[in-house]
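Numbering (my numbering), first residue to last: 250 to 488.
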Amino acid sequence: MDGATLASLFSAMDVVALAVLLVAWLASSWIIENPPMRRPSTTVLMAQYRREWMRQFLTRQPRMFDSQIIGNMRQGTAFFASGSMIAIGGGFALVGNADRLRGVASDLTQSADPVVVWELKLLVMLLFAANAFLKFVWSHRLFGYCAVLMAAVPNDPEDPLAVPRANKAAEINIAAARGYNRGLRSVYFGIACGAWLVGAWALMAAVAVTLLVIGRREFASHSRAVLLDPADGIRPAPL
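Dropping the structure here:
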């Protein structure tokens, strides 16, 4: 099937909806990670707390509490990576049975698109799942790097190597959290992409709802207000 034939299978609204999905996914990540200084996101605020964590880690004895936190973070990323693998396997199973899916979707949309259309829509969802898997796996590995760097921090906080290594651990920790959050956003938009099976307008509505949910959590949630409390002296800084 050539490109012209393939393009003819999708309406202009389908193309617009897919473009809206991709732009919303990429733009939301950029805005969350690079917000204006006057309105920092929850992600940026948490990055400062991660740096403060490593500063407190320098003088904490014993340091078992910190290792347990890192272990829990690695378990979280491993869980989502496993879930993404299951989703990818389920997606390929659906692609192999797209004809049955077409029958179910046709009952909702009253359309009779060829099987290849449903297969391509499923492949877009699979791409989001694959991206999420890669982000979670990389985040899991970075949390492991962070654990090694924390173990390399001398017990004596006056040691000249203590502060530089703690700072390195903080930045690797932030990078791991960034990958984890990107993986979660891929999951969110991948789920929204499922609405495309109903139609282009359903996809755009799902993208709008996903943006509202993500935007509220990052810029208008109660947890963000708590993090912004100036009483503890933490100030936002760029990622």
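Ideal Cβ placement from N, Cα and C applies to all residues, glycine included.
Per the C-alpha coordinates, the member of R299, A261, S260 positioned closest to N422 is R299. Just so you know, the alpha carbons of G432 and W387 end up roughly 10 Å apart. By the beta-carbon neighbour count (other beta carbons within 10 angstroms, threshold 16), N380 is buried. Around F392, the same chain offers I319, M322, R323, T326, A425 as residues with beta carbons nearer than 7 Å, after the five sequence neighbours per side are excluded.
Here G448 carries a coil assignment [DSSP, helix/strand/coil]. A contact between stretches requires three or more CB pairs, one per stretch, nearer than 8 Å, and the region 462 to 471 meets this requirement with the region 279 to 295. Listed in chain order, the alpha helix (DSSP H) elements of length 4 or more contained wholly in the region 417 to 470 are 449 to 468. Linking V462 to V456 through their CA atoms gives a straight-line distance of about 10 Å. Per DSSP, S290 lies in no alpha helix (DSSP H) and is assigned neither H nor E. The shortest CA-to-CA distance from A266 to any of G443, H471, V436 is the one to G443. Distance from the CA of A396 to the CA of S316, rounded to the nearest whole angstrom, comes to 7 Å. In the three-state DSSP reduction, L275 falls in the helix class (H, G or I).
The beta carbons of V412 and L371 sit no closer together than 9 Å.
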